Amino acid sequence: MGFSTLQATHITKQYGFGPTEVTAIQDLSIKVDPGEVVLIMGPSGSGKTTLLSMLGGLLKPSTGEIRLNGDVISVLAENRLPDIRLRKFGFIFQDFNLLSALSALENVALVAELSGLNRNIARKKAESLLINMGLEARLTFLPEKLSGGEKQRVAIARALVNDPAIILADEPTANLDSKVGHEIMHLLRAMAKEQNRSVIIVSHDQRIKDIADRVLWLEDGEFKEMVTMVLDPVCGMMIDREKSVNLDWMGKTYYFCASGCRDEFIQNQEKDIH
Amino acid sequence: MIMLSVHNLFQNKIRLSISIGGVALALSLILSLNAIFAGVEEKITAYINNSGADIFIAQSGVENMHMASSSLPAIVEDEVKTISGVEFVTAINYVPNMVVVGDERNLAYIIGLPPDSKLGGPWKIFKGASQPKAGEAIIDRYVAEKSGVGIGDEVEIFGRQFVVAGLSEETASLVNSFAFISRSDFSTVRGGANTINFLLVKARPEENPERLAETIEAQLGNVTARTTAAFSMLEKKVVKDMSTDVINLMNLIGFLIGLAVMALTVYTATLSRRSEYGVLKALGARNSYLYTTVIAQALISVVIGVAVGTIFTWLVSKIILGLGLNLTMNITAISLAKVGSLALLIGCFSAVLPIRQISKLDPATVFRGR
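Protein chains in written order, with my numbering: chain A, 242 to 515; chain B, -11 to 358.
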């Protein structure tokens, strides 16, 4: 694995044309260094998935460019992208996305074989990774026989098998209980810090902030400074403080996404007092 | 990719069974039909091939027995005997008619044999005489069993009663059989004592039958002389010419059924794994890899389908044989090659639609299970 820097400059992604045109990502720039864990958060429909897809070479930006170690990958022909995805990126998905007909070992080995490794070497490499993930006793199990945490560990082993420089994780803890989610978070951090890989995580999970070097808030296709983001105490949404409805209560200022949340907050507080 | 194809294929065993069963039945339909016609060909040429003759002589222009009529003056027999290289000659009469027992009417080729004929008689006797005397008939064993007659019973041929003197084997097919009577009886009931239908010639051991046939034609003129092998082939050709359209139609139907079954199962199998193919694309698998996986899946299915279909057809042929039906199914190498080629086409065509599906698959849909 070579250390790689991923950089997106002024990228925009638009879907549709004319009256149906939608801008998913608007003039966005980001640079991720080796060994860095970047967490991208934001409300549903903010463009997180579109951004992740573009960074991983699955989608091309409408304008702007994406560079990997200085090489522009956003203009590469479609037939050159599979190789980039296979060797430079490791993908981790919310739903694990393991192939249901293959065992844990085969799921990981298949991706190594795709990169041109001989079958036996691919299987040995996959086996070693899975053992490191604590799955020695699960090598021959089909995905349906694995727990959520085990499936995600197989998916992580699959993401690592071709030794990629960049890991892209989409809601990696969403379908896991809190203990397993915690384990997976620390596994992702270890991948960045011990192996000097760049890890980009898209998630709603607030706990992942603990392992991130940088947290970015994406809303309406643009990054917003996290320092200006505040939590609505009623609905739990992260909201832009400047655009929020605020309330001074008992000497403290509270921020709400809408007046409905503010009113509910007041009712609850008054109920508690009485 | 073969590993992925095999795993994908065998994971859903019900779908696999339907797919293989459908293809096997469709191919079995083709194979059975071809086998039946090959069996008919074998049966229809059985008399010629087992006659013991090296050369068949017929009226000029007549090159087979089935659906043909040949008439030669009896004197030709003596003329042939004088030709150098001829060891001996048997003149036979031949006409399609019926072997009737009560209400049971069996289509039969009636052969009129001279006394102690060396050629053209029944080649395998189950019971009784091998040469019919005046007033006697040798009929096929299965015809006799079907009609409920045995040695010593009477059957009607040409409207006249004959006593069954012998029962022959391998002389019946699905639709007809051979029955043997004496030439004198044949002449009596059919008339034309000085007329024969075919001459069967045995060449001397040192003589080349092909050359002898040419010599006979050249010396006698106005006759057709063919070696037994050539005569048999021409007989088969008549059957082929009559059945080719039927066989082709049935082959087409079998092919279309097999294709429909296979295309549907490969298509639904691919569709059900659409998201997995999307994952593979996202991870970096090339389209060519995914196409090959789908084609391999289809081809593995049809290969198993061919094997199952062949075994099934072979079993059916053995069961038919065991039941004693006058139906011979002959599974030939040509039929197997034809079915194999059709199966290959089915496999390739059935993968076309799924491949189109995969080619349109956007790898970006892999996120969030979209």
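Cβ atoms here follow ideal geometry from the backbone N, Cα and C, with glycine treated the same way. Keep in mind that this is a model prediction, so the values were computed, not measured.
Per DSSP, leucine 340 of chain A lies in no beta strand (DSSP E) and is assigned neither H nor E. Under the Cβ distance rule, phenylalanine 332 of chain A counts among the residues neighbouring chain B, one pair being separated by less than 9 Å.
With respect to chain A, the C-beta atom of glutamine 345 of chain B has no partner C-beta closer than 9 Å. Assigned with DSSP and collapsed to three states, isoleucine 71 of chain B falls in coil, not helix or strand.
Annotation note: the segment 276 to 334 of chain A contains the following uninterrupted alpha helix (DSSP H) runs of length 4 or greater, listed N- to C-terminal: 289 to 296, 322 to 329.
Here DSSP, grouped into helix, strand and coil, assigns phenylalanine 219 of chain B to helix. Contact annotation: alanine 12 of chain B and valine 294 of chain B have beta-carbon atoms nearer than 9 Å.
Ranked by Cα distance from leucine 428 of chain A, the options A:Leu351, A:Phe506, A:Leu401 are led by A:Leu401. The Cβ atoms of glycine 49 of chain B and threonine 159 of chain B lie no closer than 9 Å to each other. Take the alpha-carbon of isoleucine 98 of chain B and the one of alanine 206 of chain B: they are about 30 Å apart.
Listed by position along chain A, the residues whose Cβ is nearer than 7 Å to that of alanine 273 of chain B are Pro323, Leu355. About 10 Å separates the Cβ atoms of threonine 261 of chain A and glutamine 255 of chain A, ruling out a contact at the 8 Å cut-off.
For the C-beta of leucine 278 of chain B, not a single chain A residue is nearer than 7 Å; the gap to the nearest is close to 10 Å.
Within chain A, not a single residue places a beta-carbon under 8 Å from that of alanine 339 of chain B; the smallest gap is close to 18 Å. Taking 9 Å as the CB threshold, glutamate 347 of chain A lines the interface with chain B. Chain order gives no chain A residues near valine 282 of chain B, where near means a beta carbon separation below 7 Å; the closest approach is about 14 Å. The shortest C-alpha to C-alpha distance from leucine 269 of chain A to any of A:Leu280, A:Ile252, A:Asp461, A:Arg399 is the one to A:Ile252. A Cβ-Cβ separation of about 21 Å leaves isoleucine 372 of chain A out of contact with proline 413 of chain A under the 8 Å criterion.
In this structure, proline 405 of chain A keeps its C-beta atom at 9 Å or more from the C-beta atom of arginine 455 of chain A.
Distances from the CA of lysine 190 of chain B to each of B:Leu155, B:Ala201, B:Gly310, B:Ile346 were compared; the closest alpha carbon is that of B:Ala201.
Exposed is the label assigned to valine 313 of chain A, since fewer than 16 other Cβ atoms lie within 10 Å of its Cβ. As DSSP reads the structure, glutamate 142 of chain B sits in a beta bridge with B:Val151. The beta carbon of lysine 289 of chain A sits closer than 6 Å to the beta carbons of Ile281, Gly283, Val443, Leu459 from its chain, once the five residues preceding and following it are set aside; these are given in chain order. Proline 84 of chain B counts as exposed, since fewer than 16 other C-beta atoms from the protein chains shown sit within 10 angstroms of its C-beta. Taking a Cβ-Cβ cut-off of 8 Å, asparagine 487 of chain A has no neighbours in chain B, whose nearest Cβ is about 33 Å from it.
For the segment 244 to 259 of chain B, no residue has a beta-carbon sitting nearer than 7 Å to a beta-carbon of chain A.
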